[in-house]
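J.: Below is one structure. I have some questions about it.
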Amino acid sequence: MTSVQYYNGQEFQNRAPMTQAEGFLLATAVSSAILSPLAYLHKPFLNQLRKEEPNNYIYKDALQKAVYVSGLHKEGVRVIPAQNLPGFNDYKLGYNACFIPKSKQVLINTDKISVAGFHELGHALNALKSKYGVKYLAKMRGPGYVLAGLMEYFAIFSRTKPKCAPRSFTDVIEDNCGKLAFFAMLPVVAEEAIASIRGVNLARDKKIDLPEPLIKNMKKLYAKALATYGGRAVLGGLAVYASRKVMDHFTRPKPVDYN
Ligand SMILES: [Zn+2]
Numbered sequence: 010m011t012s013v014q015y016y017n018g019q020e021f022q023n024r025a026p027m028t029q030a031e032g033f034l035l036a037t038a039v040s041s042a043i044l045s046p047l048a049y050l051h052k053p054f055l056n057q058l059r060k061e062e063p064n065n066y067i068y069k070d071a072l073q074k075a076v077y078v079s080g081l082h083k084e085g086v087r088v089i090p091a092q093n094l095p096g097f098n099d100y101k102l103g104y105n106a107c108f109i110p111k112s113k114q115v116l117i118n119t120d121k122i123s124v125a126g127f128h129e130l131g132h133a134l135n136a137l138k139s140k141y142g143v144k145y146l147a148k149m150r151g152p153g154y155v156l157a158g159l160m161e162y163f164a165i166f167s168r169t170k171p172k173c174a175p176r177s178f179t180d181v182i183e184d185n186c187g188k189l190a191f192f193a194m195l196p197v198v199a200e201e202a203i204a205s206i207r208g209v210n211l212a213r214d215k216k217i218d219l220p221e222p223l224i225k226n227m228k229k230l231y232a233k234a235l236a237t238y239g240g241r242a243v244l245g246g247l248a249v250y251a252s253r254k255v256m257d258h259f260t261r262p263k264p265v266d267y268n
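Adding 9 to a residue's 1-based position in the sequence shown gives its number in the working numbering.
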């Protein structure tokens with residue numbers, strides 16, 4: 010037997026655990042369906058990355074120069090060739106690169122994807138050599154990811170109160186978790202865009218002397234990378250919103266109709 014609760018003189022029937030479990034399964038399925046196009050957004054980026062490999066020797070030279078031209082070497086920034094590191098990971102295999110603010114290291118397979126290194130130096134410039142606003146954006150990345158991840162959990166909580174019940178702080182977060190998941194990712198997207206712009210500007214520096222066609226390819230690659238971040242923000246927000254709606258439908262206590 011399912012229990013009941015009352016609000017404003019109206020009787021509400023709580024949903025059976027089985028119904029709530031069905032809601033959870035459907036919400037998870039809907040969420041992963043919405044997120045599935047992300048793989049398609051990532052593919053053009055990886056293809057472009059592979060396409061640039063034959064030019065790597067030019068980018069590699071330029072990247073070494075860029076650390077000095079940007080003045081980042083004075084800040085302690087070092088490019089660490091990930092291909093020489095032990096173990097296996099995306100950095101070593103040349104699928105990804107990163108800037109680690111704490112150690113000021115750019116981790117990158119310089120034998121394959123040096124083209125991505127300029128973007129990572131852009132992150133280093135954001136973190137170490139920028140005005141307050143951009144520095145703040147760089148610092149917001151971590152909390153942004155945490156908040157967006159947290160919203161995925163808020164989305165799949167059962168709704169134990171009727172719709173008309175007074176809202177608590179948690180209810181308000183639950184009601185807006187899709188929007189919050191989206192907005193939490195915006196600092197990440199903005200900081201990524203700024204890192205790319207600064208990376209390309211650095212590559213254009215006369216002292217680095219990277220041929221214009223290669224800079225064009227670099228811009229293409231960075232635009233594709235940004236599309237994956239933008240996609241993650243939009244689809245992530247939508248996935249959270251949709252799973253929240255499904256959970257709402259399956260778990261919220263139903264008004265009892267006496268007629
Ligand atoms: Zn980045």
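Each residue gets a CB set at the ideal place from its N, CA and C atoms; glycine is no exception.
(1) Are Glu61 and Asn226 touching if we call contact CB-CB under 8 Å?
(2) Expressed to the nearest angstrom, what Euclidean distance is found between the alpha-carbon atoms of Gln19 and Pro264?
(3) State the Cα-Cα distance for the pair Gly239 and Val198, rounded to the nearest angstrom.
(4) Count the other CB atoms within 10 Å of the CB of Asp266; is the residue buried (16 or more) or exposed (fewer)?
(5) Under the three-state reduction of DSSP, which class applies to Pro171: helix, strand or coil?
(6) Using a threshold of 7 Å, is the CB atom of His128 nearer than that to any non-hydrogen atom of ligand 1?
(7) Measuring only the C-alpha atoms, how far is Ala242 from Arg213?
(8) Identify whether Phe21 lies in helix, strand or coil by the three-state DSSP scheme.
(9) Could you give the distance in angstroms between the alpha-carbon of Arg24 and the alpha-carbon of Val13?
(10) Mind the definition here: the region 84-95 touches the region 115-130 only if three or more C-beta pairs lie below 8 Å; say whether that holds.
(11) When the Cβ atoms of the region 35-49 are set against those of the region 187-196, are three or more pairs found closer than 8 Å?
(12) Closest to Lys144 by C-alpha separation, out of Cys107, Ala133, Ala251, would be which residue?
(13) Run through the region 81-120 for me and flag every whole alpha helix (DSSP H) of 4 or more residues, listed as ranges in chain order.
(14) How many Å lie between Arg59 and Pro175 at the Cα?
(15) In this structure, how does DSSP classify Tyr154 when only helix, strand and coil are distinguished?
(16) What are the boundary residues of the alpha helix (DSSP H) that includes Val13?
(17) Would you mind working out which of Thr179, Gly103, Phe166 sits nearest Arg253, comparing C-alpha positions?
(18) Apart from the five residues on each side of it in sequence, which residues of its chain come closer than 8 Å, Cβ to Cβ, to Tyr231?
(19) With burial defined as no fewer than 16 other Cβ atoms inside 10 Å of the residue's Cβ, what is the status of Met10: buried or exposed?
(20) How should Glu200 be labelled, buried or exposed, when 16 other C-beta atoms within 10 angstroms of its C-beta is the threshold for buried?
(21) For Leu211, tell me which candidate among Gly131, Leu146, Tyr49 has the shortest Cα-Cα distance.
(22) By how many angstroms is the C-alpha of Phe33 removed from the C-alpha of Val255?
(23) By Cβ distance below 7 Å, which residues in the same chain neighbour Lys233 in space, the five residues on each side in sequence not counted?
(24) Would you call Tyr68 buried or exposed, if buried means 16 or more other Cβ atoms sit within 10 Å of its Cβ?
(25) Compute the minimum distance between the beta carbon of Ala91 and the heavy atoms of ligand 1, and state whether it is under 7 Å.
T.: Quick answer:
(1) Going by C-beta atoms, Glu61 is nearer than 8 Å to Asn226.
(2) The C-alpha of Gln19 lies about 7 Å from the C-alpha of Pro264.
(3) Between Gly239 and Val198, the C-alpha separation is close to 6 Å.
(4) It counts as exposed.
(5) The answer is coil: DSSP assigns Pro171 none of H, G, I, E or B.
(6) For ligand 1, at least one heavy atom lies less than 7 Å from the Cβ of His128.
(7) When rounded, the distance between both Cα atoms is 30 Å.
(8) Reduced to three states, the DSSP call for Phe21 is strand.
(9) Straight through space, the alpha carbons of Val13 and Arg24 are spaced by roughly 9 Å.
(10) Contact between the region 84-95 and the region 115-130 is present, because at least three Cβ pairs lie under 8 Å.
(11) As far as the Cβ criterion goes, the region 35-49 does not touch the region 187-196, which means the pair count is below three.
(12) Distances from the alpha-carbon of Lys144 to those of Cys107, Ala133, Ala251 put Ala133 closest.
(13) Runs found: 99-102.
(14) Approximately 55 Å between the Cα atoms of the pair.
(15) DSSP places Tyr154 within a helical segment (H, G or I) once states are collapsed to three.
(16) It is not in any alpha helix (DSSP H) - Val13 instead sits in the beta strand (DSSP E) that spans 13-16.
(17) The residue among Thr179, Gly103, Phe166 with its C-alpha nearest the C-alpha of Arg253 is Phe166.
(18) Counting only Cβ-Cβ distances below 8 Å, and skipping sequence neighbours, we find His128, Ser205, Gly208, Val209.
(19) Unreliable positioning characterises Met10 in this predicted model, as indicated by a pLDDT of 49, which lies under 50. The coordinate reading is nonetheless provided below. Exposed, since its Cβ has fewer than 16 Cβ neighbours within 10 Å.
(20) Buried, since its Cβ has 16 or more Cβ neighbours within 10 Å.
(21) For Leu211, the closest of Gly131, Leu146, Tyr49 by C-alpha to C-alpha distance is Gly131.
(22) C-alpha separation (whole angstroms): 8 Å.
(23) Spatial neighbours of Lys233 in its own chain (CB-CB distance under 7 Å, excluding positions within 5 residues in sequence) are listed in chain order as Pro53, Phe54, Gln57.
(24) Buried, since its Cβ has 16 or more Cβ neighbours within 10 Å.
(25) Every heavy atom of ligand 1 is 7 Å or more from the Cβ of Ala91, so no.
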